[in-house]
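Mapping to the numbering used here: the sequence shown position 114 is 308, numbers consecutive.
To start, the structure under review is shown below, and the notes come after it.
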Amino acid sequence: MALNLFNFVIGTTLAKRQGVTDPSAQTRVALIGGMLGSSVTGLVMTTVLAQREAASESTTAPPPEATTLVEVPDVTGLAIAAATQRLEDRGLRVQPQDVVTDRPQGQVLKQVPEAGAFVADGTRVILQVSLGAVVPNETGLPNVINQPLSRAKEQLVALGLEVRVYTVIAQDAPPDQVIMQNPDPGSAITAGGMVTLLVSPADSPTPDPIPDLPPDLPPDLPPDLAVVPSVIGTQPEKAVFELEQAQLKVAIENQMVPNRDQQGLVVDQKPRGGNKVAFGETVTLFVGQFQPPVS
195 MALNLFNFVI GTTLAKRQGV TDPSAQTRVA LIGGMLGSSV TGLVMTTVLA QREAASESTT
255 APPPEATTLV EVPDVTGLAI AAATQRLEDR GLRVQPQDVV TDRPQGQVLK QVPEAGAFVA
315 DGTRVILQVS LGAVVPNETG LPNVINQPLS RAKEQLVALG LEVRVYTVIA QDAPPDQVIM
375 QNPDPGSAIT AGGMVTLLVS PADSPTPDPI PDLPPDLPPD LPPDLAVVPS VIGTQPEKAV
435 FELEQAQLKV AIENQMVPNR DQQGLVVDQK PRGGNKVAFG ETVTLFVGQF QPPVS
């Protein structure tokens with residue numbers, strides 16, 4: 195059976211119309227079609243052949259793409275934020291798992307896969323992260339109120355806690371003594387947690403009484419006056435922070451309250467918020483002390 199050039203072209207056209215894209219498959223169809231001829235039977239057989247070639251192409255899986263391998267870096271001992279950044283920079287994902295240990299809070303203790311392994315880009319790396327040692331609930335946070343600051347800090351630091359200190363003026367308090375603490379005594383706290391202490395001054399100054407100033411002072415107010423922030427309803431340590439940010443001193447007094455919800459909150463202040471006083475003046479905070487009614 196001789197090959198006819200005209201029939202070869204027809205075979206090529208039929209192959210393309212049936213969806214054959216591979217050049218070698220198109221050539222096979224064209225060669226066989228060229229030999230079968232342009233009769234109805236030849237064209238039908240060429241068309242069937244082209245359909246089979248197209249079907250074969252659609253079911254043939256494409257060659258697998260090359261997988262990019264990356265080396266897992268060593269992140270043990272790092273803080274979780276730094277470890278996460280290092281892994282993500284390599285194109286890896288992070289799955290943290292919290293564990294309670296005596297290691298610092300947030301430190302990576304173990305990683306899977308281990309450092310040096312070669313894995314596919316986007317692989318998830320499991321990190322065991324320390325929650326720190328938890329102070330037992332039955333003991334809880336010690337009560338350091340009315341203790342000297344040095345002794346209070348020594349106890350808290352021994353438990354692995356951080357200590358933040360604010361100096362406030364408290365009536366009849368010895369110098370350098372803890373007036374309040376947050377969290378409250380007995381609270382469960384994680385090692386590495388923060389404890390805020392309100393402490394009387396080391397030299398125990400006595401504040402002068404400060405009269406309230408009207409909030410609507412004239413526009414030519416001297417530039418060395420501060421606007422008193424309103425801190426009623428807040429925790430004492432937050433109130434002290436805001437007043438110190440305004441460059442004001444703080445005195446604290448207890449005030450009996452009828453509502454249990456007011457316990458430990460600032461229920462009043464003098465001067466009130468919005469008044470203008472000289473920088474360095476003292477603002478007295480009245481902290482609620484709830485006493486249940488005697489039945």
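No residue lacks a Cβ here, since even glycine has one placed at the ideal position from N, Cα and C.
Euclidean distance between Cα positions of residue i and residue j
{"i": "residue 462", "j": "residue 397", "result": "26 Å"}
{"i": "residue 460", "j": "residue 433", "result": "8 Å"}
{"i": "residue 448", "j": "residue 357", "result": "23 Å"}
{"i": "residue 527", "j": "residue 388", "result": "No statement about residue 527 is possible, as the shown extent of the chain runs from 195 to 489 and does not include it."}
{"i": "residue 476", "j": "residue 422", "result": "10 Å"}
{"i": "residue 264", "j": "residue 322", "result": "21 Å"}
{"i": "residue 337", "j": "residue 366", "result": "20 Å"}
{"i": "residue 288", "j": "residue 274", "result": "10 Å"}
{"i": "residue 306", "j": "residue 299", "result": "20 Å"}
{"i": "residue 339", "j": "residue 464", "result": "24 Å"}
{"i": "residue 487", "j": "residue 297", "result": "46 Å"}
{"i": "residue 207", "j": "residue 243", "result": "13 Å"}
{"i": "residue 472", "j": "residue 359", "result": "24 Å"}
Close Cβ partners of residue i (< 7 Å) along its chain, the five nearest in sequence each way excluded
{"i": "residue 369", "result": "394, 395, 396, 397 and 398"}
Inter-residue CB distance, residue i and residue j (contact presumed, cutoff 8 Å)
{"i": "residue 326", "j": "residue 385", "result": "4 Å"}
{"i": "residue 470", "j": "residue 363", "result": "Not really, about 20 Å apart at Cβ, beyond 8 Å."}
{"i": "residue 272", "j": "residue 293", "result": "Residue 272 to residue 293, Cβ: 16 Å. No contact."}
Contact test: residue i Cβ vs the ligand NAP heavy atom, cutoff 7 Å
{"i": "residue 249", "result": "The ligand NAP is absent from the structure shown, which contains no ligand whatsoever."}
6 Å Cβ shell around residue i - same chain, five flanking residues per side excluded
{"i": "residue 484", "result": "451, 454 and 457"}
{"i": "residue 440", "result": "420 and 423"}
Beta-bridge pairing of residue i - partner residues as DSSP gives them
{"i": "residue 324", "result": "293"}
{"i": "residue 318", "result": "287"}
{"i": "residue 482", "result": "449"}
{"i": "residue 421", "result": "470"}
{"i": "residue 464", "result": "478"}
Nearest neighbour of residue i, chosen from the options [CA to CA]
{"i": "residue 435", "options": "420, 211 and 390", "result": "390"}
{"i": "residue 247", "options": "267, 377, 216 and 274", "result": "216"}
{"i": "residue 295", "options": "382, 324 and 425", "result": "324"}
{"i": "residue 379", "options": "372, 280, 335 and 347", "result": "335"}
Cutoff 8 Å; reference residue i; Cβ partners in own chain excluding five residues on either side
{"i": "residue 481", "result": "374, 430, 446, 447, 448, 449, 458, 459, 460 and 461"}
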